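Note sheet for the following structure.
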Amino acid sequence: MTHFEIAYAASVPPHVVTLGTAGGPRWWSDHQGAPRQGIATAIVVDDGWYLVDCGSGVGRQIQQAGLAMADLKGIFITHMHSDHIVDLGSLMLFAPFEIKQAGRGPIPLYGPGDRGRVTPLSPRATTKPQPVNPEKPGAGIEATFAGLVNAYSADINDRVMDSLTKGPYDYFAPQDIQLPADVPFDPDHNVAPAMEPFVVFADETVRVTATLVSHHPTAPAFAFRFDTLNGSVTISGDTAPCDNLIRLAHNTDLLLHEVISLETMASMYTDTAMLQATMDHHRRAHTTAEDAGRIATQAGAKTLGLHHLVPSHAPVEVWQKAANTYAGRLVIAQDLDRISFERSKQHDKADHYVA
Numbered sequence: 001m002t003h004f005e006i007a008y009a010a011s012v013p014p015h016v017v018t019l020g021t022a023g024g025p026r027w028w029s030d031h032q033g034a035p036r037q038g039i040a041t042a043i044v045v046d047d048g049w050y051l052v053d054c055g056s057g058v059g060r061q062i063q064q065a066g067l068a069m070a071d072l073k074g075i076f077i078t079h080m081h082s083d084h085i086v087d088l089g090s091l092m093l094f095a096p097f098e099i100k101q102a103g104r105g106p107i108p109l110y111g112p113g114d115r116g117r118v119t120p121l122s123p124r125a126t127t128k129p130q131p132v133n134p135e136k137p138g139a140g141i142e143a144t145f146a147g148l149v150n151a152y153s154a155d156i157n158d159r160v161m162d163s164l165t166k167g168p169y170d171y172f173a174p175q176d177i178q179l180p181a182d183v184p185f186d187p188d189h190n191v192a193p194a195m196e197p198f199v200v201f202a203d204e205t206v207r208v209t210a211t212l213v214s215h216h217p218t219a220p221a222f223a224f225r226f227d228t229l230n231g232s233v234t235i236s237g238d239t240a241p242c243d244n245l246i247r248l249a250h251n252t253d254l255l256l257h258e259v260i261s262l263e264t265m266a267s268m269y270t271d272t273a274m275l276q277a278t279m280d281h282h283r284r285a286h287t288t289a290e291d292a293g294r295i296a297t298q299a300g301a302k303t304l305g306l307h308h309l310v311p312s313h314a315p316v317e318v319w320q321k322a323a324n325t326y327a328g329r330l331v332i333a334q335d336l337d338r339i340s341f342e343r344s345k346q347h348d349k350a351d352h353y354v355a
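The sequence shown stops at residue 355 when you use full-length UniProt numbering, and every number in between is there.
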């Protein structure tokens, strides 16, 4: 880095860039009809940054945010739903051409391990579907990354053999997150047992802790907290209201929490059976705006940011209901917003706004 770049990095407060703020397996727009990209968040600290989730469009959003792939220090996947990992493949294939001259080791990639068994069948089912990949129906991050490498073997082998490029494992180091041995986790019956947060990653800039959250039947599903010298940010991942998250987010400077409008979602379905089964899932696996406000209040979060908006085109007033249960600073995130989590920049008074 040049002296100017070093001085600039030192002067920029720690912040997140909400690369994509939509949740769910669709190509979404916001309430005004503008595209809203899939869920992905950059945590920027000093001269490096960290990525949480790889939703649709993440590569373009990284470029739009002015973030350099050579400065990426780690990737963290909250859970294995497609809207959180759909562009992991494109990142795996395209990012090496941005970082190949960086002279660095592989980027650590942390995510859930294997679920271990097929997802339980909805009690509303009238027939039994056949699971995909029954030998490994709940692949974790290591197996998913390996599957992507296999799926793109023709492309990768062409470039490795003919152009002498390096392979994906030279640039990325996937690792299943191992739960502490004393946590009584069960993917069907106890997806988020009471537990203490545990460290999954640390370097000279951040310490990343994780906890299990309640996104049944998807398990394991994680929330992550990034602690720095100058502030902290906690990212909920997808979850229903969960005591583990409140514990993880205690006194955090910024809580980025997922949010759903159950009423708006219910209006989008015409198939009665799908409506009933899907709404069963949403009620037990996601969080309303008012509940997100309660969680932020109980955690003592200095700022609450709402993202992973489901559906992302719901009226802004739906998300502003979080102010009914949270008296702090409220941000309803838009794509490519920059939100500081520097401790000295937090405000004691209420400051409710759409970023």
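Note that beta-carbon positions come from the ideal geometry of N, C-alpha and C, so glycine has one too. Small disclaimer: the values here were computed from a predicted structure and weren't measured.
Which partner residues of residue i appear in the DSSP bridge assignment?
i      : result
Trp319 : Per DSSP, none; premise fails for Trp319.
Arg104 : Note: Arg104 sits in no beta bridge, so no partner.
His257 : Leu306
Val132 : Paired residue(s): none; Val132 is not in a bridge.
Asn190 : Asp186
Ala40  : Gly20
Ala223 : Thr211
Gln61  : DSSP, once it has assigned bridges, lists no residue as partnering Gln61.
Thr234 : Arg225, Leu255
Gln175 : Tyr110
Ser29  : Pro35
His15  : Val44, Ser340
Phe201 : Val208
Val52  : Thr41, Phe76
Return the Cβ separation of residue i and residue j in integer angstroms, given the expectation that the two are a contact with Cβ distance under 8 angstroms.
i      : j      : result
His299 : Ala240 : The displayed chain sequence assigns Ala, not His, to residue 299. In fact, because the Cβ distance is near 15 angstroms, the residues do not count as touching under 8 angstroms.
Gly24  : Asp83  : 6 angstroms
Arg283 : Thr325 : The pair is not a contact, with the Cβ atoms about 18 angstroms apart (cut-off 8 angstroms).
Phe185 : Val208 : Contact flag wrong, Cβ pair sits at about 19 angstroms.
Thr252 : Thr234 : 4 angstroms
Thr205 : Asp46  : 6 angstroms
His307 : Glu258 : 7 angstroms
Leu309 : Trp319 : 7 angstroms
Asp203 : Lys73  : 6 angstroms
With a CB to CB cut of under 6 angstroms and the five nearest residues on each side skipped, what residues in its chain are close to residue i?
i      : result
Ala273 : none
Give every residue of the same chain whose Cβ lies closer than 8 angstroms to the Cβ of residue i, excluding the five residues on either side of it in the sequence, and list them in chain order.
i      : result
Lys136 : Asp114, Ala143
Gly67  : Just to set this straight, residue 67 is Leu in the shown sequence, not Gly. Val17, Ala42, Val44, Trp49.
His250 : Ala299, Gly300
Pro187 : Arg115, Gly116, Arg117, Gly138, Pro217, Ala219, Pro220
Gln276 : Arg124
Give me the Cα-Cα distance between residue i and residue j, rounded to the nearest whole angstrom.
i      : j      : result
Ile141 : Ile75  : 11 angstroms
Ala40  : Ala333 : 12 angstroms
Asp162 : Ser153 : 13 angstroms
Pro14  : Trp49  : 10 angstroms
Leu255 : Ile156 : 39 angstroms
His281 : Ala221 : 15 angstroms
His79  : Trp27  : 19 angstroms
Ala289 : Ala322 : 5 angstroms
Asp53  : Gly105 : 21 angstroms
Leu212 : Ala223 : 7 angstroms
Arg60  : Pro96  : 15 angstroms
Report all residues from its chain with a CB closer than 7 angstroms to the CB of residue i; omit the five preceding and five following residues, and keep chain order.
i      : result
Pro315 : His31
- prompt: Would you say the segment 148 to 167 touches the segment 86 to 103, given that touching needs at least three Cβ pairs under 8 angstroms?
  reply: yes
task: Could you tell me whether the segment 243 to 254 touches the segment 265 to 277, using the rule of 3 or more Cβ pairs below 8 angstroms?
output: no
field: the segment 124 to 133 contacting the segment 104 to 116, beta-carbon criterion three pairs below 8 angstroms
entry: no
- prompt: Taking three-plus beta-carbon pairs below 8 angstroms as touching, is the segment 192 to 204 in contact with the segment 161 to 173?
  reply: no
- prompt: Does the segment 219 to 238 come close enough to the segment 333 to 342 to have 3 or more Cβ pairs within less than 8 angstroms?
  reply: yes
task: Would you check if there are 3 or more beta carbon pairs closer than 8 angstroms linking the segment 16 to 31 to the segment 169 to 189?
output: no
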